[in-house]
Amino acid sequence: MTSATEPTEPLSVEQLSATTLLRFATAGSVDDGKSTLVGRLLHDSKSVLTDQLEAVERVSADRGQDTPDLALLTDGLRAEREQGITIDVAYRYFATARRRFILADTPGHVQYTRNMVTGASTADLAVVLVDARNGVIEQTRRHAAVAALLRVPHVVLAVNKMDLVGYQESVFAAIAEEFTAYASELGVPEITAIPISALAGDNVVEPSANMDWYGGPTVLEHLETVPVSHDLAHCHARLPVQYVIRPQTAEHPDYRGYAGQIAAGTFRVGERVTVLPSGRTSKVAGIDLLGTPVDIAWTPQSVTLLLADDIDVSRGDLLVPSKDAPPTTQDVEATVCHVADQPLTVGHRVLLKHGTRTVKAIVKDIPSRLTLDDLSLHPHPGRLAANDIGRVKIRTAEPLPLDSYADSRRTGAFILIDPSDGTTLTAGMVGESFAAPQPVKDEGDDDGWDF
């Protein structure tokens, strides 16, 4: 299959290996043109294959459209195409000569905000679209809040449909000022505003001839050049144990290795490590990477660690450097986004999954729920409904080694699961949020605890 646009030389394996990877998510309210932007980005960057474009052209022609509807490149579900909306998270992979990209196109409807949490949870950058005719609305604030809550380092405000407001600089400036003030209050560290027309292609890949007053980068140029500054290899070293390897063969009679993907940081042979939550210590005697012994390994490599001492280590344990071990606790305070239709209530019995470990837990208190209009905190709501953002206090049956989410997005995150059917209820971030509530004094004793 060939590219749908003018032919270009494909990137070699060596070229792809030399480029950096940027994970980014797109978000916006309904009809802001988010899927059109993604389609335009893929099309104009020559990342669309001929058969894909031909399929889009056929569907567009059947609808009586004169030009291909580029939104169809991402709205893959039949319901999405029929309704003209995005429902599920659509992942797209593409590359330019400067960088590789993993794009998560997330829905705009309020009832699908939970899907944005999924897409943005691993993103280095979030693109938030705003219709230039409507400006910043409640759903725009919700998306900014989710990006801030998930500590996404870079946010791009793409003011779309500038062609429908006559490409007026004053319209763009007013929206950019309002959004920047709001996102800054949430604690978003970097905000870049770009005026675009996804339908016409203005400032998406090529600079716009209709907005000579704008001297900043296009969307693609910014995506290619934004620094991916958070280097997980220099964070607190963490290895959640996924599997214990014991071949017990004639060739390897005494082999005992602890396999998993390094969540953050670097491990070295000879380093003293602690097994959490037990607190037992040992020394790294060896590291196997793809069957080959190495002296050092770092995130996100999947490795097997061999320890000098024969100690009890099993799936769900966390291996950390002894000099940099997080505290263990059974009392978890976190900011959460509730993603299930079933509400989360005080006294709710759940399973808490942190890394590779799953433990029983109970919701002890819901101190506050965030009101997105003015960022005020509604105290003690008693429950969180679908798409609500709030603070919770949770008691776990077993101690957990928890990092603050501000320090580690991997080991500071968890999910709450319904023990009856395995449904994911809530996505949680340990520690303070962008709008941490005042501490709430617990009233009465914790009667009824069974662990």
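Be aware that the sequence shown starts at 0, since it is given in numbering that gives the first Met the number 0, and climbs by one per residue. Note that CB positions come from ideal geometry on N, CA and C, so glycine has one too. Owing to the predicted nature of the structure, the values given are computational and were not obtained by experimental measurement.
Inset, instruction - Would you tell me roughly how many angstroms separate the C-alpha atoms of residue 307 and residue 127, rounded to the nearest one? - result: On the sequence shown, position 308 is the one that residue 307 refers to. On the sequence shown, position 128 is the one that residue 127 refers to. Whole-angstrom Cα-Cα distance: 50 Å.
Inset, instruction - Would you be able to state if there are at least three C-beta pairs under 8 Å between the segment 27-34 and the segment 92-108? - result: With the cut-off at 8 Å, the segment 92-108 and the segment 27-34 touch.
Legend entry - Delimiting residues of the beta strand (DSSP E) encompassing residue 376: Position 377 of the sequence shown, counted from the start, is the residue given in the question as residue 376. Unbroken beta strand (DSSP E) run through residue 376: 375-378.
Inset, instruction - Give the secondary structure of residue 235 by DSSP, where H, G and I count as helix, E and B as strand, and everything else as coil. - result: Within the sequence shown, the letter at position 236 stands for residue 235. Secondary structure of residue 235 (DSSP, three-state): coil.
Legend entry - Inter-residue Cα distance where the pair is residue 333 and residue 431: Translated into positions along the sequence shown, residue 333 becomes position 334. Translated into positions along the sequence shown, residue 431 becomes position 432. Going by the C-alpha atoms only, they are around 7 Å apart.
Inset, instruction - Using beta-carbon positions only, say whether residue 21 and residue 222 come within less than 8 Å of one another. - result: Counted from its first residue, the sequence shown places residue 21 at position 22. Counted from its first residue, the sequence shown places residue 222 at position 223. Going by C-beta atoms, residue 21 is nearer than 8 Å to residue 222.
Inset, instruction - Give the range of the beta strand (DSSP E) segment to which residue 404 is assigned. - result: To locate residue 404, count along the sequence shown from 1; it is residue 405. Run containing residue 404: none; DSSP gives neither H nor E here.
Inset, instruction - Scan the segment 109-162 and note each continuous alpha helix (DSSP H) run of 4 residues or more that stays entirely inside, going in chain order. - result: Fully contained in the segment 109-162 are the following alpha helix (DSSP H) runs of length 4 or more, in chain order: 112-119, 137-148.
Inset, instruction - Locate the alpha helix (DSSP H) running through residue 520, then write down its first and last residues. - result: Outside the displayed range of the chain (0 to 450) lies residue 520, so it cannot be described from this structure.
Inset, instruction - Assuming residue 364 contacts residue 236 (C-beta within less than 8 Å), just tell me the rounded distance between them. - result: In the sequence shown, the residue the question calls residue 364 occupies position 365. In the sequence shown, the residue the question calls residue 236 occupies position 237. Not quite, the Cβ-Cβ distance comes to about 33 Å (not below 8 Å), so this is no contact.
Legend entry - Residue range of the unbroken beta strand (DSSP E) whose run includes residue 337: For the purposes of this step, residue 337 is taken as the residue at position 338 of the sequence shown. Segment 327-337, the beta strand (DSSP E) holding residue 337.
Legend entry - residue 184 versus 166, 116, 147, residue with shortest Cα-Cα distance: Residue mapping note: residue 184 aligns to position 185 of the sequence shown, counting from 1. Closest in C-alpha terms to residue 184, from the list 166, 116, 147, comes 147.
Inset, instruction - Indicate the three-state DSSP secondary structure (helix, strand or coil) for residue 79 in the structure shown. - result: Sequence index remark: in the sequence shown, residue 79 carries index 80 (1-based). Residue placement at residue 79 is poorly supported in this model, since its pLDDT is 39, which falls under 50; the coordinates are not used for a value here.
Inset, instruction - Using the DSSP secondary-structure output, state which residues sit across from residue 282 in a beta bridge. - result: Working through the sequence shown from its first residue, we reach residue 282 at position 283. Note: residue 282 sits in a beta bridge opposite 271.
Legend entry - At least three beta-carbon pairs within less than 8 Å, the segment 30-45 to the segment 119-133: In short, these stretches touch, since the Cβ pair count reaches three.
Legend entry - Reduced DSSP category for residue 427 - H, G, I as helix; E, B as strand; rest coil: In the sequence shown, residue 427 corresponds to position 428, counting from 1. If DSSP states are grouped into helix, strand and coil, residue 427 belongs with the strands.
Inset, instruction - Evaluate residue 82 with the Cβ neighbour count: other Cβ atoms within 10 Å of its Cβ, from every protein chain shown; 16 or more gives buried, anything less gives exposed. - result: Taking the sequence shown and counting its residues from 1, one reaches residue 82 at position 83. Residue confidence is low: residue 82 scores 42 on pLDDT, short of 50, so the model does not pin down where it sits. No coordinate-derived value is stated.
Inset, instruction - May I ask you to list the residues that DSSP assigns as paired with residue 352? - result: Position 353 of the sequence shown holds residue 352. Residue 352 pairs with 357, 414.
Inset, instruction - To the nearest angstrom, report how far apart residue 355 and residue 402 are at their CA atoms. - result: Indexing the sequence shown from 1 puts residue 355 at position 356. Indexing the sequence shown from 1 puts residue 402 at position 403. Rounded to whole angstroms, residue 355 and residue 402 show a C-alpha spacing of 15 Å.
Legend entry - residue 240 beta carbon less than 8 Å from that of residue 259: For the purposes of this step, residue 259 is taken as the residue at position 260 of the sequence shown. For the purposes of this step, residue 240 is taken as the residue at position 241 of the sequence shown. Yes. Within cutoff.
Inset, instruction - Could you tell me which of 316, 375, 285, 138 sits nearest to residue 352, measuring between CA atoms? - result: Along the sequence shown, one-based indexing puts residue 352 at 353. Here the closest residue by C-alpha is 316.
Legend entry - Those residues which DSSP pairs with residue 467 across a bridge: Since the first residue shown for the chain is 0 and the last is 450, residue 467 is missing from the structure and cannot be characterised.
Inset, instruction - Give a yes or no on whether the C-beta atoms belonging to residue 349 and residue 391 are separated by under 8 Å. - result: In the sequence shown, residue 349 corresponds to position 350, counting from 1. In the sequence shown, residue 391 corresponds to position 392, counting from 1. Going by C-beta atoms, residue 349 is not nearer than 8 Å to residue 391.
Inset, instruction - Answer yes or no: do residue 336 and residue 388 have a C-beta to C-beta separation smaller than 8 Å? - result: The residue you call residue 336 lines up with position 337 of the sequence shown. The residue you call residue 388 lines up with position 389 of the sequence shown. The answer is yes: Cβ separation under 8 Å.
Legend entry - Sequence-distant residues of its chain with Cβ nearer than 8 Å to residue 243 (five each side left out): As a working note, residue 243 is residue 244 in the sequence shown. Correct list, in chain order: 255, 256, 257, 258, 312, 313, 314.
Inset, instruction - Note down the Cα distance separating residue 78 from residue 57, rounded to an integer number of angstroms. - result: For the purposes of this step, residue 78 is taken as residue 79 along the sequence shown, with counting starting at 1. For the purposes of this step, residue 57 is taken as residue 58 along the sequence shown, with counting starting at 1. Residue confidence is low: residue 78 scores 40 on pLDDT, short of 50, so the model does not pin down where it sits. Its coordinate-derived value is still stated next. Looking at the two C-alpha atoms, the distance is approximately 17 Å.
Legend entry - Simplified DSSP state of residue 198, which is helix, strand or coil: Translated into positions along the sequence shown, residue 198 becomes position 199. Secondary structure of residue 198 (DSSP, three-state): coil.
Legend entry - Which listed residue (328, 345, 156) has its alpha carbon closest to that of residue 276: Taking the sequence shown and counting its residues from 1, the one referred to as residue 276 is at position 277. Minimum Cα distance to residue 276 is reached at 328.
Legend entry - Where residue 163 falls, given that 16 or more other Cβ within 10 Å makes a residue buried: For the purposes of this step, residue 163 is taken as the residue at position 164 of the sequence shown. Here residue 163 is exposed. Its C-beta has fewer than 16 other C-beta atoms within 10 Å.
Inset, instruction - Mind the definition here: the segment 127-145 touches the segment 170-181 only if three or more C-beta pairs lie below 8 Å; say whether that holds. - result: Yes: the two stretches touch, three or more of their Cβ pairs being nearer than 8 Å.
Legend entry - Identified DSSP bridge partners for residue 382: Your numbering for residue 382 matches position 383 in the sequence shown. In DSSP, residue 382 forms a bridge with 344.
Legend entry - Straight-line Cα distance separating residue 396 from residue 358: The count along the sequence shown starts at 1 and reaches residue 358 at position 359. The count along the sequence shown starts at 1 and reaches residue 396 at position 397. Going from the Cα of residue 358 to the Cα of residue 396 covers about 6 Å.
Legend entry - Endpoints, beta strand (DSSP E) assigned at residue 98: Stepping through the sequence shown from its first residue, residue 98 is reached at position 99. That run of the beta strand (DSSP E) goes 98-104.
Inset, instruction - Starting from residue 454, follow the beta strand (DSSP E) in both directions and report where the run begins and ends. - result: Because the chain spans 0 through 450 in this model, residue 454 falls outside it and cannot be assessed.
Inset, instruction - Would you give the residue range spanned by the alpha helix (DSSP H) that residue 35 belongs to? - result: Mapped onto the sequence shown, residue 35 falls at position 36. Note, residue 35: alpha helix (DSSP H), 33-43.
Inset, instruction - Pull up the distance between the alpha-carbon of residue 182 and that of residue 294, whole angstroms please. - result: What you label residue 182 is simply residue 183 of the sequence shown in a count that begins at 1. What you label residue 294 is simply residue 295 of the sequence shown in a count that begins at 1. For residue 182 and residue 294, the distance between alpha carbons rounds to 43 Å.
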